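My numbering applies: residue 2 is where the sequence shown begins, and numbers increase by one.
For every residue, glycine included, the Cβ atom is placed at its ideal position computed from N, Cα and C.
Source: prediction; values computed, not measured.
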Amino acid sequence: MSRRRVLFLCTGNSCRSQMAEGWLRHLAGDRFESLSAGAKPAGYVHPLAIAAMAELGIDISDLRSKHINEFLPPQGAPPDLIISVCSSAEKECPVFPAQVERWHWPFDDPYHAAGTPEEIQQEFRRVRDEIADRLRRELIDLV
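Have a look at this one:
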């Protein structure tokens, strides 16, 4: 049985979509192929996203920021499911030639957090945990 290909889409592909990709690989990598991309990729994975995931033993430091076009033919195979994790990415997602299921799970962008370094890191942790909860509740536990 092949794994279902899930693509997490965000505008910059540097925080939320990367954390979601890492979470799904960690929680159910045997059942899902976890991917992420951005409509306007930032070109890096945010260090605080990497740190927030590392606190829980999940290493996303080897992930890279990718453009959604990498998953469009002829460059790549389309996913089975696209989960947009921000509203702007939902609007900017191209039309895929194959029948692709689409879900929209907007999360706050921790990149825009303000405050002390600890308060900013806490925002990355909060979003990290919200992503994990939603994955467990609405994807992993249902399949």
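Anticipated Cβ contact below 8 angstroms, residue i with residue j, distance rounded
i: LEU57; j: ALA38; result: About 23 angstroms; that fails the 8 angstroms criterion.
i: PRO111; j: VAL86; result: With a Cβ gap of about 11 angstroms, PRO111 and VAL86 do not count as contacting.
i: LEU49; j: GLN123; result: So it is not a contact: roughly 10 angstroms between Cβ atoms.
i: ILE132; j: ARG17; result: 7 angstroms
i: HIS27; j: ILE51; result: Going by Cβ atoms, the distance from HIS27 to ILE51 rounds to 14 angstroms, so no, they are not a contact pair.
Residue i - containing alpha helix (DSSP H), residue span
i: LYS22; result: With the sequence shown as reference, residue 22 is identified as Glu, and Lys is not the correct amino acid for it. Run containing GLU22: 17–29, per the alpha helix (DSSP H) assignment.
N-terminal and C-terminal residue of the beta strand (DSSP E) that residue i is part of
i: LEU57; result: It is not in any beta strand (DSSP E) - LEU57 carries neither H nor E in the DSSP assignment.
i: ILE132; result: Run containing ILE132: none in the beta strand (DSSP E); it sits in the alpha helix (DSSP H), 118–136.
i: ALA38; result: 33–39
i: VAL7; result: 5–11
Cβ shell of residue i (< 7 angstroms), same chain only, five flanking positions each side left out
i: ASN14; result: SER37, ALA38, GLY39, PRO42, ALA43, SER66 and LYS67
For residue i: DSSP bridge partner residues
i: CYS87; result: DSSP lists no partner for CYS87.
i: ARG65; result: Per DSSP, none; premise fails for ARG65.
i: HIS105; result: SER85
Residues of its chain near residue i, where Cβ-Cβ distance is below 6 angstroms and the 5 sequence neighbours each way are ignored
i: ARG1; result: As shown, the chain starts at 2 and ends at 144. That puts residue 1 outside it, with no answer to give.
i: ALA29; result: ILE141
Cβ-based neighbour list, residue i, same chain, cut-off 8 angstroms, excluding 5 preceding and 5 following
i: PRO107; result: SER85, VAL86, CYS87, SER88 and GLU91
>> With three or more beta-carbon pairs closer than 8 angstroms as the criterion, would you say the segment 16–35 touches the segment 114–124?
In response: no
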